[in-house]
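Just so you know, the sequences run in chain order A and B. Counting along the first sequence from 1, when you hit position 245 you're at 245 in this note's numbering, and nothing is skipped either side. When you read off a place in the second sequence, starting at 1, and then add 1000, the result is the number in this note's numbering. Glycine residues also receive a C-beta, built at the ideal position from the N, C-alpha and C atoms. Note that this is a predicted model, so its numbers are computed, not measured.
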Amino acid sequence: MDLSVHIGSLRLKNPLIAASGCFGYGVEYADLVDLSSLGGVAVKGLFLKEREGHTAPRIVETPAGMVNAIGLQGIGVRRFVEEKLPELRARNVTVIVNVCGTSVDEYAEVSRILSDADGVHAIELNISCPNIKEGGIQFGCSLTGTYDVVSVVRKVTRLPIVPKLTPNVTDVASFARASEDAGADAVSLVNTFLAMVLDVETRRPRISNGMGGLSGPAIRPIAVRMVYECRQVVKIPIIGMGGIADARDALEFMIAGATAVQVGTANFVDPLVWDKILDGMREYMRRHQLSRIADIVGTVNAHAHPSL
Amino acid sequence: MPVDVAAEIVANRALSPDYNVLSLAAPAIAATARPGQFVMVKLGTGHDPLLRRPFSVFEILRSGDGPPAGITLLSKRIGPSTSLIYNARPGQVAACLGPLGRPFTVVDSPTEAWMVAGGVGLAPFATLAEALRARQVKSTLFYGARRGDELFYLDFFRSLGVDLVLTTEDGSVGEAGRIVAPLDRILASRPADAPVMLYACGPEGMLAATARTAAKHFRPCQVSVERIMGCGMGGCYSCVVPMLGDDGRFHHVRSCIAGPVMPAEQIRWD
Chain A
1 MDLSVHIGSL RLKNPLIAAS GCFGYGVEYA DLVDLSSLGG VAVKGLFLKE REGHTAPRIV
61 ETPAGMVNAI GLQGIGVRRF VEEKLPELRA RNVTVIVNVC GTSVDEYAEV SRILSDADGV
121 HAIELNISCP NIKEGGIQFG CSLTGTYDVV SVVRKVTRLP IVPKLTPNVT DVASFARASE
181 DAGADAVSLV NTFLAMVLDV ETRRPRISNG MGGLSGPAIR PIAVRMVYEC RQVVKIPIIG
241 MGGIADARDA LEFMIAGATA VQVGTANFVD PLVWDKILDG MREYMRRHQL SRIADIVGTV
301 NAHAHPSL
Chain B
1001 MPVDVAAEIV ANRALSPDYN VLSLAAPAIA ATARPGQFVM VKLGTGHDPL LRRPFSVFEI
1061 LRSGDGPPAG ITLLSKRIGP STSLIYNARP GQVAACLGPL GRPFTVVDSP TEAWMVAGGV
1121 GLAPFATLAE ALRARQVKST LFYGARRGDE LFYLDFFRSL GVDLVLTTED GSVGEAGRIV
1181 APLDRILASR PADAPVMLYA CGPEGMLAAT ARTAAKHFRP CQVSVERIMG CGMGGCYSCV
1241 VPMLGDDGRF HHVRSCIAGP VMPAEQIRWD
């Protein structure tokens, strides 16, 4: 049974990737999870410099989901390369680094540093974080901004480039196409949905930043729809995410058009979710007599649905 | 090293209309848990509530002289998850990940241990009191609650030889008011050359007041902080506390892995 998939030139041993912002730098989970058993680990977003992020409270739970505004706290790309990357390399982890920037130049500089480091396998461009004022989303909500970031980073690295798209736009597929046109190897979607939770007793927001990003099973059907829409307009691989909690959910994204999937919030609920999803995928492949998981990608049966 | 177990609930005892003690069969966690460590717990597998909740390990359960068989959790009903835990029935299964986090540093005699607990913040002190007793450390529990009927396990602590100083906000048991008042007074009367280690757990305001009181009397203080926590593993960066770094500046550190027990003097209390 072949669970491997390809994202551009990068071969993943299986389609499961730990989602950025939900798995620290990976090393935090090394006591509990065999990190090399994952298709990949997307580490927490990195700027050139360290960032403190927002003050607590940073998350609030919602029905079948959670809203977070961490504020991209991080140790900066140089400390990551010095302090975290050697252990990830020693553990044979397929490392995808989530790259942040407040300017096109910063995306390029962080990407260049990572390209020179040993042990980075792909770059995910974070142009979609809803929780910081400067950078990120200002590129991800503009087609020209998306194109500019991707094309500038394309010039400085041979690593696969995967822009991470925001769902907080009218037509996410046009952003996937802008990414493809600019030379991206794949796109990942969706980041979180901009959201707000209020305490009705105090009339104050429940998290310090006021607004935050909604994740978890609550968003899954919208995310599946967006992956499906992007699949119709781009040829590059899609990494799908948004509320995946089990094998069925992961398979749904793949059938909708995702070559690989990321799991975020479900890892908080169950840090051992990875093996359970992989077991469920194998069981599905046996039941459907599939030899390669890649064969289900983009196979929605739209026969009786002319509107699709 | 933490383990994730499907722990059967073996007992659930209501202490009051809000507080309960949940007993979980979790020998692997019970065998290695140290005072101050916590577990991440969720009842059932549904999506609402979604996340696990952090709980201090309250007691280690033993069957006779046998090895540790389980743990208990002291819970106060404040929301959907703690309501489920209050109403849990024996035979149900809870996902239980632990032990997690940095434990208390247990002092040795002749240093005295003064534990300061507010409400459900009593939780980490049952195992700490046992560890102190094993080292024959003279121990005192300063314990505050809203009312007298929310002061629990007093006989347990007395049986370990712990001196009790009690306060209630309504004055129904002990001194009326907050627990930091007698703490401040008794610390003031203590000779400066008689060493004391403070341990505190409770609401944020109480922890901040305890930290100020400890600093005022030049006493070290270990606090067990409580933040809204997403994962307990260092993955989500939700539970941060501003803590003084080696560079002399405050940085957000994750209380799940840098804590929950932290040196009070290094925390900025907002």
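What is the residue span of the beta strand (DSSP E) that residue i lies within?
| i | result |
| --- | --- |
| residue 1249/B | Segment: none, residue 1249/B is in no beta strand (DSSP E) and carries neither H nor E. |
| residue 1199/B | 1196 to 1201 |
| residue 1226/B | Here residue 1226/B belongs to no beta strand (DSSP E), and DSSP marks it neither H nor E. |
| residue 1006/B | 1003 to 1014 |
| residue 1032/B | Run containing residue 1032/B: none in the beta strand (DSSP E); it sits in the alpha helix (DSSP H), 1027 to 1032. |
Give the single residue among the options whose Cα lies nearest to the Cα of residue i.
| i | options | result |
| --- | --- | --- |
| residue 1020/B | 1135/B, 1059/B, 1073/B, 1028/B | 1073/B |
| residue 1052/B | 271/A, 291/A, 241/A | 271/A |
| residue 72/A | 88/A, 44/A, 63/A | 44/A |
| residue 1037/B | 1193/B, 1186/B, 1161/B, 1054/B | 1054/B |
| residue 1162/B | 1153/B, 1016/B, 1086/B, 1172/B | 1153/B |
| residue 1220/B | 1015/B, 1195/B, 1206/B | 1195/B |
| residue 949/B | 1251/B, 1240/B, 1233/B | Here chain B comprises residues numbered 1001 to 1270, so residue 949/B is not present and cannot be evaluated. |
| residue 115/A | 14/A, 90/A, 171/A, 161/A | 161/A |
| residue 232/A | 221/A, 248/A, 300/A | 300/A |
| residue 80/A | 68/A, 98/A, 92/A | 98/A |
| residue 1114/B | 1145/B, 1157/B, 1085/B | 1157/B |
| residue 216/A | 60/A, 33/A, 29/A, 28/A | 60/A |
| residue 195/A | 8/A, 69/A, 25/A, 13/A | 69/A |
| residue 269/A | 1079/B, 1159/B, 1039/B | 1039/B |
| residue 1010/B | 1061/B, 1044/B, 1016/B | 1061/B |
| residue 55/A | 62/A, 210/A, 83/A | 210/A |
| residue 280/A | 297/A, 298/A, 249/A | 249/A |
| residue 1203/B | 1065/B, 1106/B, 1144/B | 1144/B |
| residue 1150/B | 1239/B, 1076/B, 1046/B, 1048/B | 1076/B |
| residue 1103/B | 1057/B, 1176/B, 1252/B | 1057/B |
| residue 138/A | 302/A, 228/A, 292/A, 100/A | 100/A |
| residue 1132/B | 1146/B, 1155/B, 1105/B, 1123/B | 1105/B |
Considering only their Cβ atoms, is the gap separating residue j from residue i smaller than 8 Å?
| i | j | result |
| --- | --- | --- |
| residue 1118/B | residue 1179/B | yes |
| residue 384/A | residue 41/A | Because chain A here runs from 1 to 308, residue 384/A falls outside it and cannot be looked at. |
| residue 1191/B | residue 1165/B | no |
| residue 240/A | residue 223/A | yes |
| residue 1128/B | residue 1035/B | yes |
| residue 1022/B | residue 1088/B | yes |
| residue 238/A | residue 266/A | no |
| residue 15/A | residue 39/A | yes |
| residue 1033/B | residue 1005/B | no |
| residue 121/A | residue 32/A | no |
| residue 294/A | residue 67/A | no |
| residue 65/A | residue 264/A | no |
| residue 1030/B | residue 1071/B | yes |
| residue 151/A | residue 182/A | yes |
| residue 169/A | residue 176/A | no |
| residue 205/A | residue 198/A | yes |
| residue 1109/B | residue 1136/B | yes |
| residue 172/A | residue 165/A | yes |
| residue 1025/B | residue 1007/B | yes |
| residue 310/A | residue 247/A | Any question about residue 310/A goes unanswered here, given that chain A covers just 1 to 308. |
| residue 261/A | residue 17/A | yes |
| residue 1289/B | residue 1248/B | Because chain B is modelled from 1001 through 1270, residue 1289/B falls outside the range shown and cannot be assessed. |
For residue i, go through chain B and note every residue whose CB falls closer than 7 Å to its CB, in chain order.
| i | result |
| --- | --- |
| residue 16/A | The contacting residues do not exist; residue 16/A stays about 15 Å from chain B at best. |
| residue 23/A | 1235 |
| residue 109/A | Here the premise fails: no neighbours, minimum Cβ distance about 23 Å. |
Listing by chain order, which chain A residues have their CB less than 8 Å from the CB of residue i?
| i | result |
| --- | --- |
| residue 1238/B | 56, 57, 58, 59, 68, 70 |
| residue 1267/B | Here the premise fails: no neighbours, minimum Cβ distance about 12 Å. |
Would you mind telling me which residues of chain B sit closer than 8 Å to residue i, beta carbon to beta carbon, in chain order?
| i | result |
| --- | --- |
| residue 267/A | 1231, 1235 |
| residue 217/A | 1047, 1050 |
| residue 28/A | 1233, 1234, 1235, 1257 |
Which bits of chain A does residue i rub up against, with CB to CB less than 7 Å?
| i | result |
| --- | --- |
| residue 1051/B | 61, 66, 268, 269 |
| residue 1252/B | 52, 53, 73 |
| residue 1085/B | Under the 7 Å cutoff, chain A gives no residues; its nearest Cβ is about 15 Å from residue 1085/B. |
Against residue i, what residues of chain A qualify as contacts under a CB-to-CB distance less than 9 Å, listed in chain order?
| i | result |
| --- | --- |
| residue 1042/B | 269, 270 |
| residue 1001/B | 31, 32 |
| residue 1004/B | 32, 270, 271, 272 |
Considering just the uninterrupted stretch of the alpha helix (DSSP H) at residue i, what are its terminal residues?
| i | result |
| --- | --- |
| residue 86/A | 85 to 90 |
| residue 1269/B | First-last for residue 1269/B: undefined, no H or E at that position. |
| residue 11/A | Looking at the DSSP string, residue 11/A is not in any alpha helix (DSSP H); the run it does join, the beta strand (DSSP E), is 10 to 12. |
| residue 1085/B | 1080 to 1086 |
| residue 262/A | Counting along the chain, residue 262/A falls outside any alpha helix (DSSP H), though it belongs to the beta strand (DSSP E) covering 260 to 263. |
**Study point:** Within the region 1143 to 1191 of chain B, ranges of the alpha helix (DSSP H) (whole runs, at least 4 residues)
**Key:** Runs of the alpha helix (DSSP H) inside the region 1143 to 1191 of chain B: 1154 to 1159, 1180 to 1188.
Point to revise | Ordered list of alpha helix (DSSP H) runs contained in the region 1037 to 1074 of chain B, each at least 4 residues | key: Taking only runs of at least 4 residues, no alpha helix (DSSP H) segment lies wholly in the region 1037 to 1074 of chain B.
**Study point:** Whole runs of the alpha helix (DSSP H) within the region 88 to 137 of chain A, excluding any shorter than 4 residues
**Key:** Restricting attention to alpha helix (DSSP H) runs no shorter than 4 residues, the region 88 to 137 of chain A encloses them at 104 to 116, ordered along the chain.
**Study point:** Contiguous beta strand (DSSP E) assignments of at least 3 residues, all confined to the region 133 to 209 of chain A
**Key:** Within the region 133 to 209 of chain A, the complete beta strand (DSSP E) runs of at least 3 residues are 161 to 164, 187 to 189, 193 to 196.
Check your understanding: What are the start and end residues of each continuous alpha helix (DSSP H) run of 4 or more residues lying completely inside the region 1088 to 1119 of chain B, in chain order?
Key -> Listed in chain order, there is nothing to give.
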